[in-house]
Structure formats: structure tokens, C-alpha cells
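Single-structure report; data block below.
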Amino acid sequence: MPTTHDWINNPLGVVEGMFAASQNNPNSGWEAKAVEFFKDHLKEKEAQTWVPSLNDVPLHYMKPNSLVKFRCLIQDMFDPEFYMGAYEAVDPSTKAKVLKCGKYKDVMECGVDLNSKNTVTAERQTFYCVPIPGESPWVKESYASSSQARVVPSTSYVPTRQKRSYEEDDDMDTQPQPQKQREKHTGLQSPTEHHGNGECKRRETEAPSNQTAPASHLDLNFPLPGEKGPSCLVKVYAEWDGFKLNDTLEVYGILSVSPALSALADEKDVSSSFLDPADSMETAEEQRVHCPPASLVPRLHMLYAKPLPHNNPLLPPTLEDNSAFLSSTLSEMAAVRAELLTYFTHILLGDALAAEYLILHLISNVYSRRDVLPLGKFSLNLSGCPTVSSYTECLYQVIQQLVPSSFYLAMSLQNMNQMKFVPKKDYVANRLVSGALQLAKHTSLFLDEIQLEQGQLDTTGVHNITALGNLISWQKVDYDFNYHQMEFPCNINVLTVSEGRSLLPSDCQIHLQSQVAPPNMEEYLSSLHMHPQASQLNKFRMYLSVARLLDYSISDEMTKSVEDDFVDMRKDDPRSVSAEDLHSMLVVSRLLSLSLGLTSLCTDSWLRAKHIEVLRRSRVEQQKCLNGNEP
Amino acid sequence: MSSPTSTPGGRKRERDGNPSTPSSEGPISPPSQRRRGQDSSNADLMPMPTSPATDLLSPAPPQDTSLFSSPRPSVLPNEVDMSSPLMYGTPSSRVEGTPRSGVRGTPARQRPDLGSVRKGPQVDLQSEPPTADGAVASEPNAGQRLVIWGTDVNVGTCKEKFQRFLQRFIDPTSTEDENAGLDLNEPLYMQKLEEISVVGDPVLNVSCLHVQSFDAELYRQLICYPQEVIPTFDMAVNELFFERFPDSILEFQIQVRPYNALKTRNMRNLNPEDIDQLITISGMVIRTSQLIPEMQEAFFQCQVCAFSTRVEVDRGRIAEPAVCRHCNTTHSLALVHNRSLFSDKQMVKIQESPDDMPAGQTPHTSIVYAHNDLVDKVQPGDRINITGVYRAVPMRANPRQSNVKSVYKTHIDAIHFRKTDEKRLHSVDENSEQKLFTEDRVQTLKELAAKPDVYERLSSALAPSIYEHEDIKKGILLQLFGGTRKDFSETGRGNFRADLNILLCGDPGTSKSQLLQYVFNLVPRGQYTSGKGSSAVGLTAYVMKDPETRQLVLQTGALVLSDNGICCIDEFDKMSDSTRSVLHEVMEQQTLSIAKAGIICQLNARTSVLAAANPIESQWNPKKTTIENIQLPHTLLSRFDLIFLMLDPQDEAYDRRLAHHLVSLYYQSEEQIEEEFLDMAVLRDYIAYARTYIHPRLSEEAGQALIEAYVDMRKIGSGRGMVSAYPRQLESLIRLSEAHAKVRFCEKVETIDVEEAKRLHREALKQSATDPRTGFVDISILTTGMSATARKRREEIASALKKLIQARGKTPAMKYHQLLDDLRGQSETAITKEMFDEALRALADEDYLTVTGKTVRLLG
């Protein structure tokens, strides 16, 4: 265990120290140095695991103004704000004017001299961040278990008191000491705050970080329904142009939970708001959104942000600088693939071809875009599924067990007509109201068309279906900004499960051919709930994530032979192969190579890709003949 | 309260030192004081808050210089400028202070947009700040010494410079519409002053660019110290104005409204350096608040002796006088609301316009305050350029909290609004929008245009991911450029369509949708809809109840939204008939008539339509005509200038090239691609530039060439008894040639343009209007829906049938089947039942016979 780290427990001390040291030397560049300091410390082996994470430690365990990390998705970007980067305050004891640093803080100390000419105004940007939507439970657990952060000693919290009854909750002794003091000091005690904390305490035995439940009046704006976890206002001090909406990050920053921030409109007395010219600028809704109680939406002052190319805790953060890991995984890939294929074949009622396509689908990734065309996407339509709803749910659970983030969307009429899919700008509250399609890259979206029923889609429903169609065809979502739409590219794997051909477009349709006799179906389905061993699951998880991240190339000779092959195929029967088919064959061969751990195309993979495409197409044809009336 | 500027030196700070400024009424001449007293008593009688001003006007002879300041009810519109240290001054003193000479009685109107106290800064300063009563507008010479606190602005020099600017500035090249009707070779602003004297609207809009080109130093001062410089400008212009037009009566003194501050900034670029500076940013209005009446001056009346007094509102507070000055009663004064003074204020929220935002980020918003007559000038949805002063206000500390939030609130005090899309409503040629091209860019574009193969280059840069289809890409390229707009409304024909419409039909999976998607992404005002998913209302406009106002509002659909752009319609064939029918008007007249829910109007829809259709049998049947393949009414088809077939050509060389193209598409690195093709941004700029600045006209030779081409086209068909061209085709040819001239950045349509137009048109015709039976091009397939040969054959069968019936003699009724068998027996060619039916119908049309059920009866 590491010893007490001041830079974790009191990062502001470090920052202020550097600020003070820089006073005599105006060009010291202390700001860059401070950021560098934390970056260096975090680079140390395991240092990142010492930092407590907001994702798995409840907020009230955290020490205010300590260094914390947060794994999140940028859900919204607020307007930049100006703050006092440095200000002069009168020290109450010595009555001397002291220059203080306002960076990484929300609240200034008392006795600020607003008229001082040493005040420095600086700019910072605020991002509204939510936990990564649809993050699988296994990812959360894995991250939580690898954390070595010692959170308890930083508070006066006594673990044995955890199980106290509800009535005793009113006593705030269990509050973290600093916060309690602050509250007494300011005399500001919002009822919501009490409520929120009490609620958390009672639920501690459940999953951590479940702060949101009681805050019914405050919509935390999660993209997916039923999400839990804190959301954060992340203050960014530099290079905020580099961040994009829907980026996934691990933010290291200074936690700020000062109750002074909880400026809920209803707490203000009328006269002061009347007098304050600033107040009339904002509606109550806007205030609520931009200044939610810090106990619900803590502020995080970013020191360092690590972009997450993937969200798989089993993998090292980047593959490039970890060649040892890469080579060892690559050598095993073919073996793991065989195991996974067996497992999927079992799940998919004994259909090995469908299992193969499912693997290809799960490792697909939009690796580039040519003008409007996303390359590398491979959305799959699995048709011919048994209509027992438990089957699709079971299938989803299997996928959820394997991928870092996923979302199950039952395409019931009610869902289609009522759910918000496309994020929409709410100009009253001045924020982007999230929708189910605001997902991080590499999220698996599971569309269950079995749930589809007869009925009429209303306007929302039609828009939602259009949005889904756009998502699948172009890998983009048009966010609704009321006066105009804005296109945000995405990278989501869409798997549609249906009985017949899906009503949505797809890159590839495969009809499931059950090898199980109908009478045994019930029994077979119940046996599907058996999950493989944890170690095997972990292998699968690593396999899928690595295969997706591999680079891929195609040699000149291979290009030539592919061309020849295409020309030959067209010679025999021009109608049999179109340019579109070549597109999909190229994608399939790419994914097939990657799934075997090969980083360039070889003749074998090409032939195999052709072969499975032919098999698949013949099945689709067959199905058409059976149904007859399908186009 | 401090000014939150980070600008070094804290220039404003020093002004903290002058709270006691024009120390009460000391330096003010007694007459003015007396006058003031009269004013207020005068005003007391008037119920309206603004009345004292107007009231003053008439009695005051313009020349009477002793008549200094108007009541100027409130110079201190506290609301905004919390940041200004000037707020420390005692407001009432300032009101009476600072005589306004040179204005002669025309009341000054407060400028809340400049944040209060315009007098303060002028107070100055050389050595002992508080005592000197600056302003001294009447003695410009004396002003030489004076510099406004914290700035380097010398009131006198500044005024002089600005007057010189007004008197001398000439901009012969001005193209701004605001200057329309002015003589460009005369001093511009003097003409504007003249206009003011005639119209009586006391606002002078001054382009900062003009100021800059005239005097860079003055411009710098204007940008850096707007709060001080603009009032100086006001003074200067008023002096000048009343000197020139001593008799004119204005409601208020003229206010200078600068616009176009050179650094037209993106909202994203605003930073702390810009605080308290003059900025111009562009954006879109997303919300406007209701009008906020803001008290400027409170009116108190003593309950005991009816003595009244006025108190300035200072930072949102009213210092209620505790003692009546007149009768010395304590706490006898009561606020009389409807005699207090209020000013208008409105909060406007603007958002970055989607064009100047980096991808992947959300737009920023800013708060703007509009004052007085700028209130309600803009509506949500307007795109505006706004010039104003950027402000930052510290967040007010909650009185119960000891800590202060370290964040400022920022807003902009609007001085000038300029709608960027205002002109769109007036003239057709609106494309001269604020699309600014840097000189470098223009140079690059011109170089590109000078290349002989620019046409090929551009067309290959279009959707590089789609293979070949060169002619189709060329067609679409010409569509993007469009023809020249011509107005024949004087001769009664109205506008000629300048936009090209293109239909792509062909096998599924020939990347039609991708092409559409590309075009949609390329053009700024494009719309993309799918025939399957859109209804007639979605394309045109619909009336709905606004959830907020409960009023009926017209919501425009895709066609109207793509006015001056391109409307891409995918799956054109899957559109319902009623939906398609609205396209008839749009595609030729380019308007959209709406009569719904009591709203009757005609909207402009000058849009190019790029449509894609699939053949009805899912595969293109080469044995059928275009009409038969896609089952679209010929009335609609004839409105397309070009109809292309996107078929899968079947030859080896093509396949090989296609395969190579696709494989490299998947595996080439980005850089390689970049080298090969033009950047999408360059293409976009190229098109925008050509559309904006190039308006080619037909040259003599080109006209001749067109006539020849048309006559040739007519001739081709006439030999076989077919018409192969209609005037619509001639119009198409003209549009295409104009577009091609635009591609070359050429103001004249020349023969080569006509040649290319002819070629392209022929290619398209060859593809779509070839009669599958004869192999000849036959335009009537598109115009009448039936090829001439088919029509001829129908006539032949009908006449054969007629002969057959006549040969039978006088049988009034015949069996249908028997007649068919007889005809078949007689004819050499095979006669299908359909052909027979057609012949019967033709005869029925001639009133020769009628068909009822299975019997055929002769008539007459």
C-alpha cells in the first residue's frame, strides 16, 4: 500500500504551492508545471489505481478537494465561463492583502477584494459528463476491484455505523467532517442534500454510486433510461477544443462539492434575485441545470484527462506501447476464436454460420470515413429467431457479458413512440437533452424486433425509426437543435434480431437455421442460461476488444488477386455480383482476417470470406422463396 | 465592484478615483440649474415619462445655447454595468452636470447599450481628476490636453477626427445595400446625415471598416474604448449635424451605431481580452425574452406637501429619501410608479451559427441585451451579426454566504443588429450573403478556374468514393452551379427557372443514395428526404399550433427549406401521387402555394431537385422505356433537365477498374486520397464563389449555337415523324451552358459551353429516352409517356379494327372475344389483348363504338 499521498489528498496544496512560488517570477509557467506534475505522478506504476474513482466510490466517502478520477462520456458542453484566475484577499488574522490562486476552485475565500488590480480573469470550459452509458456490470466490477484507493481514512466515517436505522439518519454525524463543518459554517442546509445523503447511506449495501435515485426533480440527463451513477460538471482549463461530444475519457481532477454551489432557485430569497441583474438572464430551469446541488452533481476541476480508446479493464490502456501483451494475445487469438465460435454456436441454436457472423459483427468498427461513407461498419440482422421473448433477452445477456457497453432496445410500439432517441437541445434550460442514441463508440446496440407489434407509429415513432435507419446506414445521428440539425458521427454496432427480414436496413442479413428440434426447444433454451467460466469469459472479452483495435492492411498482390477474382465472377454471371457485394465481401474478409488475429489479407481469408458470403446469400434466397411475398 | 478586465494595467481602475466627479452642482452654471428646476416642474404635469423631452423641444429655440441640458431623465441605467467603477459616482449630480452644448436643445437619449454614464469618462483629467469638468465639448481646443482616465482617448482630438471622417470619407467601391441610392463619390456619411435630417430617424450607422481605412488610430480607440469613444462620436456628430441643419428637429440627438468591427469574431473566439471592447459576432437568435421595463428614475412624492423628487436607480437600488426637502417631514415620501421613468430592455440569446462550428462540438450561446429601439428588432431563428460591447459581471454573492463564486457572468450590450439573411427576402440574388472569401482563397479558386481541365477536376472531386459515372457527376456538378436567373416579369412571364433538376434512376445498389447523401452534405442549404418517408406536407409546409403562443404557425417543409439549395429526394418512385403532385409547381414555377387553415400564401421554393428512383421491377428492364420502368407521370419527368440511368455496365475492363477503385477505397490511407482529389472544402468554396459572383450571359455565337442545336434536335425526330425536342429542352440547354460557363468562372457563355451542354443533354437523353423497340432517341417518351412508334402502332391497329368492323356490314353488336379472334386472324403481327383493348379505346374515343362488358356496340 502506498503511504499517504499529499498530491492525492490535497492537490490544491500542490497547486497553491506552485502558484506562490511563481509570484516572484512572472514567466515561470507554473500552470503548465502543475499539470505536468500531476501527469508525471500519474504515470508512475499503479499510481492511477490509488486515485479513488467517482464511478465506484459513493460521493460522500470522498474527501472534498481531493484528487479523484471519473470514467465518463461528455454528454453536453456548456458555454465557456470566465473566472478569477488570481485574486487578492484580505487575510483575516494579519489584515494583509494576499494574492491567491483561483484556478481549480469554485469558491473564493472570504474577504476578496473585487477591485484589486491584480485580479486576473481567465477562461475555462464546462462539460457535463455522465458515466459511460450502457457500461456492462462486469466492467464496473472489474474497475472497482482493481482500485487501491483508500477512501475511508480521509473522512471521519465509521464503517460500523453503516447499518443504522432510517430514523437515525437525521443525525449528520456520519457526514464527512469537512463537509459538515462547511455546512454549519454557512448555515445553508438544503433539504435535498440531506435527503440525498441519507438515501445513499441506506443503500450502501447495493451497488455503489447510486446517488441519483431520489433526485426526482432533477433530471441528470442520462442517455439511457435506468442508468445510475453520478454525473459531473467537469471544468476544463486548457485545450478544450480537443474534446468532442460523446468522447469517453478518464478525468483526473479535483473534487469540489462546496454547498455554496447549490444555487437552487427556490432557495433564493426573492429580494436578492430581484436585485441581482445576473439573475434575470437565466430561467429557473437553466439555473437548475447549470448549477445543480453539488451533492448530486459534483464539480470536477480537470488536471488531466486520459482518452479511452476502449473501455475494457482487462486490456492495457493502449495497445501500441505494449507489444508484449499484443504478441501474446495475437498468438492465442485463433484458439480463443474457436472456443468463442463453439460457445456462440451453442447459443445460436447450433448454427455455426450465424455464430461466425456474430463474431464478425462484434469486432466491427468504423475505422475511417470517405466523404459520407463510413468504412468498416457491419450491422447484422439476425432473422429467424425463435419468437420466445426470453430467447432474445438471453442472447442479449450473453452479449452483455462479453462487450464493455451495450444497450438492449425492445422495439415495442410503446418504446418507439415514447422513447427519446435523438438528443434535442432544450433552449429553455440551455442544455442538450440526451436520447438513447447518444452512445459512446463501440457500444453494442441490440434491437429486438421480436417485440414489434401491430399498431401505428406516431410522429415521434417515425422520427425514431428514421434516426435508427440513419444510424445503421451512415453511422451518424442528427441531433435536433430546433432551428437546425447537427450531424454527429458515431461508431455503434447495431444488431437487429427479428423474425423475418428486419424493417430497418442492415449491412448483412443472416437467417438463423435452428439445429434444435422444436419439441426440445424449451429445454434447450433453459440450458442456455449457463454461463461459461469467468476465466473463459475474460478471454472472450479480451479477444473481442483486441480484434477490434488491430490495424489492418492489404498488400498490392492481394489487391490484384481480389480484382481478378471480381472480374472472373462478373464474367460468369454479371448479375450475381454487384459493386455492393464487393463492398460487403471486402468488409467480411477484413473482419475475418482480424478475427483470426491476422493484420493483413491473405488468400485463405479472402476465399473463406467469399465462401461464407455465398452460404449466407443462398440462405437468404431460400428464405425469400419460402416467404414468397417478400420483395 | 470591479471591472473584471485582465487587460494589463487595469485601465478602468484608475477611474475609481473620481466618484465625486462633477462634484455635485458646483461647476454648473446657474442658468442651467434654474432651467432644470423649471424642467422638472414642467415635467411633473406630464403623465408620460418621456414627455419632458418632447415638451422641451418646442419652447427651445434651436439657437439658444444657454439651454443646456435637457432633463436627460436618466443617464444611469444601472442595469448592466455593474462592472464599471463609474457607478460610484453620485448619479444625480451627473445628470445636471456636463452641459451639452452644440446640440441645442434636442434631448439626448440615454444609451443603456453603452452601459451608463457617458459623461463620467469625459471628466478629466490631466492632473487633478475630480475637479476638472471635462466634457467641454464646446471648446475643442481646450480638449487637446484632456485624456480620458485609463485610456489614451483625447476627447477633443477624437471628436475632431471623427468629424473629419464624416465630412471626408468616400468609398467609391461600396457595395453595401445600406448605401443604396447614395452618390458614392460624395462623402458618404454627410449624405446619411442629410437623410437623417429628412427622415428624422436619429441613428447613424457607421461601418467600422470605413473608420479603419480612414484613420487606424481612431479605429483602435473605438474598438478598445467603445464606452468612451462612442459618446464622443455622438457629440461630434450632433455638433456637425446641427451646424449643417440648424432647423431640423429630431426626437433625440443622433446616436452613432458602429457596426462591422473588423474582428468579426466567432463566438468561440471570445476570451477575457475582449471584455469591454467593441466586438461583432455572428450567430442565430434562439430566444428572446419579453420586454423588461427597467426603472431608470424613481419618482417620489411627499404625502404631506406634495413636493416631488426624483431618485436615480443605482445598481438596482433606490435610495428612498428619508426626509422631504421641502417640508422636512420624515418618511413622508411615497413612490409613484406611473410617473417613474422606465426604459425598455430585452434579453436575446444567440447561438453560434452551425456553419462556423468545429465538428463534434455543441454550439455555444451568448446573452445579449437589447435596449430601447433595438428591442424586438430580432426574432428567434434570425441569423444576425451583432455589434456590441462585451461585458462580464461578477456573480453576485448570496448575502447569506461569505464565499463568493469565482465566476463571471458575461453578456453583450447590443449596439447594432444586422440580419445576415435579411436580404434574402428582398432580392432573388441573395447569394452575396456574408460568405466571405479571403483573398488567398479567391486567388486559389481563380487559379483553379484557369486550368483547362477544371471541369473534369471538379467532377472527379465530386463524391470520389463513387466510381465512374462521369457524366452523372458532371450533370450534378452543373446542377450545383445552376444557371443564371432571369427575370421576365415585365413581359409577364415571371421568373425563369435557373435551377437544374436531375433524376437518377437505375438498379438498386448503384450508389444513388450515396451520391445524394454526398450532395446533401456538400451544399450549405440542402435537404435530404426519402420519398417513402415524406408526405406532401413534409415537403411543402404545414400549419400547426405553436405550443407556447397557441397561435397557428406555418412550419416549412423540405422544399421551402432548401430554397436556393438542393433538395435531394431519395426513392422518388415510392412517393404517393398526392405528394408528387406538389412537385409540379415547385419544379417549374419554383413557388409553393399554400392554402391551409386560413393561411393563404405563396412561398419561394427556388430549389434544384435531385431525385433518385428505383425501377418498378427492382431490376431495370432494358426492354421497356424509362416511363414504363419507373412508372412516374410524364408530366413530372419532363420537368427534369437531365435524366440519367445508373446501370451496372457489364464489361471486364470496367469491372477491373471498379474492383481496383473499391479495394483502394477501403485500404488506401487518407493522405493518398487527399493527393488525388480536391478537398471537399475547396469544392464547396468554389461553388459558393461561382454562384455568388459569376452571372454568365449568352454571347452572340453561343446563342447561334443553341439555336442550331435546338433545330438539329427537332430535325432528328422529324425525319421519322417524331418530335425529339420541345422548348423545355431548349431551356435546359441554356441552363446547362450557363452552368458550364460558371464552372469556368466566365461571365460569357461561349460555344464550348453550349457544346458541353449539348453533349451532356444528348448523353442523358440517349440513356433515358431511347425507345427500346427502335433504338432511336425519342423525346416523346418523356414528354407524353409513350414513344412515337408505340403511338403509331396503336393507330394502325385501331384502323385495322375499324376496317374489320366496317367489312362486317351493319351488325350493331359484336362479341368481344370473337372480334379479337377475327382481328388476330387478319393481322400479320401478333396482337395481344392489351393492344386490342387499346385499339378499342381509341375507337371509343372517336365515338365510333362503345364497349359494355363483353359486347361491342357500334354507335350511330
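Which chain is which? The protein sequence lines are A and B, in order.
Every position in the first sequence, counted from 1, becomes a number in our numbering once 210 is added.
Every position in the second sequence, counted from 1, becomes a number in our numbering once 117 is added.
Beta carbons: idealized from backbone N, C-alpha and C, even for Gly.
Model, not experiment: these values are computed from the prediction.
Problem - Residues of the region 284–299 of chain A with Cβ closer than 9 Å to any Cβ of chain B, in chain order - result: Listed in chain order, the positions of the region 284–299 of chain A with a beta carbon within less than 9 Å of a beta carbon of chain B are Asp-286, Met-287, Phe-288, Asp-289, Pro-290, Glu-291, Phe-292, Tyr-293, Met-294, Gly-295, Tyr-297.
Practice task
Could you tell me the boundaries of the beta strand (DSSP E) in which Pro-311 of chain A lies?
Solution key: On the first sequence, residue 311 of chain A is found 101 positions in, with the first residue counted as 1. The sequence shown places Cys at residue 311 of chain A, rather than the Pro named in the question. It spans 307–311 - the beta strand (DSSP E) in which Cys-311 of chain A sits, taken as one unbroken run.
Exercise for the section: Jot down the residue ranges of each uninterrupted alpha helix (DSSP H) in the region 451–485 of chain B, minimum 4 residues, whole runs only, in chain order. Expected result: Complete alpha helix (DSSP H) runs here, min 4: none at all.
Handout entry: Bridge-paired residues (DSSP) for Val-446 of chain A
Key = Position 236 of the first sequence, counting from 1, holds the residue named residue 446 of chain A. Under DSSP, the beta-bridge partners assigned to Val-446 of chain A are A:Gln-335.
Exercise for the section: Answer with yes or no whether the minimum CB distance from Lys-691 of chain B to chain A is below 9 Å. Expected result: In the second sequence, residue 691 of chain B corresponds to position 574, counting from 1. For Lys-691 of chain B, the answer is no, since every Cβ of chain A falls outside 9 Å of its Cβ.
Exercise for the section: Counting only the same chain and skipping the five closest in sequence on each side, list residues whose C-beta sits under 8 Å from that of Arg-151 of chain B. Expected result: Along the second sequence, one-based indexing puts residue 151 of chain B at 34. Any reading at Arg-151 of chain B must be qualified, since the residue scores a pLDDT of 37, below 50, and its modelled position is unreliable; the value itself is stated next. Within the same chain, no Cβ atom closer than 8 Å to the Cβ of Arg-151 of chain B is found once the five residues on either side in sequence are excluded.
Exercise for the section: Give the residues of chain A in contact with Tyr-965 of chain B, contact being defined as C-beta atoms less than 7 Å apart. Expected result: Position 848 of the second sequence, counting from 1, holds the residue named residue 965 of chain B. Chain-ordered listing is empty here: chain A has no CB closer than 7 Å to the CB of Tyr-965 of chain B, the nearest sitting near 43 Å.
Problem - Member of B:Ala-730, B:Val-430, B:Ile-398, B:Ile-532 whose CA lies at the smallest distance from the CA of Met-763 of chain B - result: Your numbering for residue 763 of chain B matches position 646 in the second sequence. Nearest Cα to Met-763 of chain B within the set B:Ala-730, B:Val-430, B:Ile-398, B:Ile-532: B:Ala-730.
Practice task
Taking 8 Å as the threshold, find out whether the region 326–343 of chain A comes into contact with the region 432–449 of chain A through three or more Cβ pairs.
Solution key: The region 326–343 of chain A is in contact with the region 432–449 of chain A.
Exercise for the section: Pull up the distance between the alpha-carbon of Arg-385 of chain B and that of His-481 of chain B, whole angstroms please. Expected result: Position 268 of the second sequence holds residue 385 of chain B. Position 364 of the second sequence holds residue 481 of chain B. Rounded to whole angstroms, Arg-385 of chain B to His-481 of chain B spans 7 Å at the Cα level.
Practice task
Measure the alpha-carbon distance for His-270 of chain A versus Asn-674 of chain A and round it to whole angstroms.
Solution key: Indexing the first sequence from 1 puts residue 270 of chain A at position 60. Indexing the first sequence from 1 puts residue 674 of chain A at position 464. Their Cα atoms are separated by approximately 39 Å.
Handout entry: 9 Å Cβ cut-off: residues of chain A touching Met-401 of chain B
Key = As a first step, residue 401 of chain B must be located in the second sequence, where it is residue number 284. The contacting residues are Tyr-693, His-694.
Problem - Contact list for Asp-772 of chain B against chain A, beta-carbon separation under 7 Å - result: By one-based count along the second sequence, residue 772 of chain B stands at place 655. Against Asp-772 of chain B, the close residues of chain A are Phe-776, Val-777, Arg-780, in the order they occur along the chain (beta-carbon pairs closer than 7 Å).
Practice task
Report all residues from its chain with a CB closer than 8 Å to the CB of Leu-357 of chain B; omit the five preceding and five following residues, and keep chain order.
Solution key: In the second sequence, counting from the first residue as 1, residue 357 of chain B sits at position 240. Result list for Leu-357 of chain B: Gln-280, Leu-283, Gln-284, Leu-310, in chain order.
Practice task
Please decide whether Arg-826 of chain A counts as near chain B, where near means a Cβ-Cβ distance under 9 Å.
Solution key: Numbered from 1 along the first sequence, position 616 holds the residue referred to as residue 826 of chain A. Closer than 9 Å: no.
Practice task
Taking 9 Å as the cut-off, decide whether the C-beta atoms of Cys-275 of chain B and Gln-344 of chain B are in contact.
Solution key: Working through the second sequence from its first residue, we reach residue 275 of chain B at position 158. Working through the second sequence from its first residue, we reach residue 344 of chain B at position 227. Cβ atoms of Cys-275 of chain B and Gln-344 of chain B: not closer than 9 Å.
Handout entry: Beta-carbon contacts of Ser-736 of chain A that lie in its chain and below 7 Å, excluding the five residues immediately before and after
Key = As a working mapping, residue 736 of chain A is identified with position 526 in the first sequence. Counting only Cβ-Cβ distances below 7 Å, and skipping sequence neighbours, we find nothing.
Exercise for the section: Check the Cβ-Cβ distances between Ile-760 of chain B and every residue of chain A, and say whether any is below 9 Å. Expected result: Numbered from 1 along the second sequence, position 643 holds the residue referred to as residue 760 of chain B. Residue-level contact by beta carbon fails for Ile-760 of chain B and chain A, as no gap is shorter than 9 Å.
Practice task
Would you mind stating whether Asp-624 of chain B and Phe-776 of chain A have Cβ atoms separated by less than 9 Å?
Solution key: Residue mapping note: residue 624 of chain B aligns to position 507 of the second sequence, counting from 1. Residue mapping note: residue 776 of chain A aligns to position 566 of the first sequence, counting from 1. Between Asp-624 of chain B and Phe-776 of chain A, the C-beta gap is not smaller than 9 Å, which leaves the two residues out of contact.
Exercise for the section: Pick out whichever of B:Leu-326, B:Asp-391, B:Gly-643 has its Cα sitting closest to the Cα of Ala-675 of chain B. Expected result: On the second sequence, residue 675 of chain B is found 558 positions in, with the first residue counted as 1. Checked all of B:Leu-326, B:Asp-391, B:Gly-643; the closest Cα to Ala-675 of chain B is B:Gly-643.
Practice task
List the residues of chain B whose Cβ lies closer than 7 Å to the Cβ of Thr-706 of chain A, in chain order.
Solution key: Indexing the first sequence from 1 puts residue 706 of chain A at position 496. Taking the beta carbon of Thr-706 of chain A as reference, no residue of chain B falls within 7 Å; the closest one sits roughly 18 Å away.
Handout entry: For Tyr-618 of chain A: DSSP bridge partner residues
Key = Working through the first sequence from its first residue, we reach residue 618 of chain A at position 408. Its beta-bridge partners are A:Phe-656.
Practice task
Name the two residues that bound the continuous beta strand (DSSP E) containing Val-726 of chain B.
Solution key: One-based indexing of the second sequence puts residue 726 of chain B at position 609. Its beta strand (DSSP E) spans residues 725–730.
Exercise for the section: Just the C-alpha distance for Ala-231 of chain A and Met-512 of chain A, rounded to the nearest angstrom, thanks. Expected result: Your numbering for residue 231 of chain A matches position 21 in the first sequence. Your numbering for residue 512 of chain A matches position 302 in the first sequence. If you take the alpha carbons of Ala-231 of chain A and Met-512 of chain A, they lie about 22 Å apart.
Exercise for the section: With 9 Å as the threshold, decide whether the Cβ of Arg-580 of chain A is near any Cβ in chain B. Expected result: Position 370 of the first sequence holds residue 580 of chain A. It does: the Cβ of Arg-580 of chain A has a partner Cβ on chain B nearer than 9 Å.
Practice task
Could you name the residues of chain D that Lys-315 of chain A contacts, counting a contact when the two beta carbons are closer than 7 Å?
Solution key: The structure shown has no chain D; the protein chains it does contain are A and B.
Practice task
Let me know if Gly-505 of chain B comes out buried or exposed under the rule of 16 or more other beta-carbons within 10 Å of its beta-carbon.
Solution key: Here the question's residue 505 of chain B lines up with position 388 in the second sequence. Gly-505 of chain B is classed as buried because its beta carbon has at least 16 other beta carbons within 10 Å across all chains shown.
Practice task
Would you list the one or two residues that DSSP bridges to Ile-403 of chain B?
Solution key: For the purposes of this step, residue 403 of chain B is identified with residue 286 of the second sequence, where counting begins at 1. Answer by DSSP bridge pairing: none, since Ile-403 of chain B is not bridged.
Problem - Asn-431 of chain A classed as buried or exposed, judged by whether at least 16 other C-beta atoms fall within 10 angstroms - result: Counted from its first residue, the first sequence places residue 431 of chain A at position 221. Label assigned to Asn-431 of chain A: buried.
Practice task
Using the DSSP secondary-structure output, state which residues sit across from Ala-531 of chain B in a beta bridge.
Solution key: Walking along the second sequence from the start, residue 531 of chain B turns up at place 414. Checking the DSSP bridge columns, you'll see Ala-531 of chain B partnered with B:Gly-505.
Handout entry: Rounded separation between Met-752 of chain A and Ser-803 of chain A - CA only
Key = By one-based count along the first sequence, residue 752 of chain A stands at place 542. By one-based count along the first sequence, residue 803 of chain A stands at place 593. Spanning the two alpha carbons is a distance of roughly 17 Å.
Practice task
Under 7 Å Cβ to Cβ from Arg-614 of chain B, same chain only, skipping five residues before and after it: list those, please.
Solution key: For the purposes of this step, residue 614 of chain B is identified with residue 497 of the second sequence, where counting begins at 1. Hits under 7 Å: Glu-705, Gln-707.
Exercise for the section: Starting from Tyr-526 of chain B, follow its DSSP beta bridges and name the residues at the other end. Expected result: Taking the second sequence and counting its residues from 1, the one referred to as residue 526 of chain B is at position 409. According to the sequence provided, residue 526 of chain B is Lys. The question's Tyr does not apply to it. In the DSSP output, where bridge partners are listed per residue, Lys-526 of chain B has B:Val-510.
Handout entry: Contact under 9 Å by Cβ, Asn-703 of chain A with Ser-654 of chain A
Key = Residue numbering aside, residue 703 of chain A sits at position 493 when the first sequence is read from its first letter. Residue numbering aside, residue 654 of chain A sits at position 444 when the first sequence is read from its first letter. The answer is yes: Cβ separation under 9 Å.
Handout entry: At least 3 beta-carbon pairs within less than 8 Å: the region 255–269 of chain A vs the region 239–247 of chain A
Key = Using a C-beta cut-off of 8 Å, the region 255–269 of chain A makes no contact with the region 239–247 of chain A, since fewer than three inter-stretch Cβ pairs fall below that distance.
Exercise for the section: Could you have a look at Pro-97 of chain B and say whether DSSP puts it in helix, strand or coil? Expected result: There is no way to answer for residue 97 of chain B, as the model of chain B reaches only from 118 to 977.
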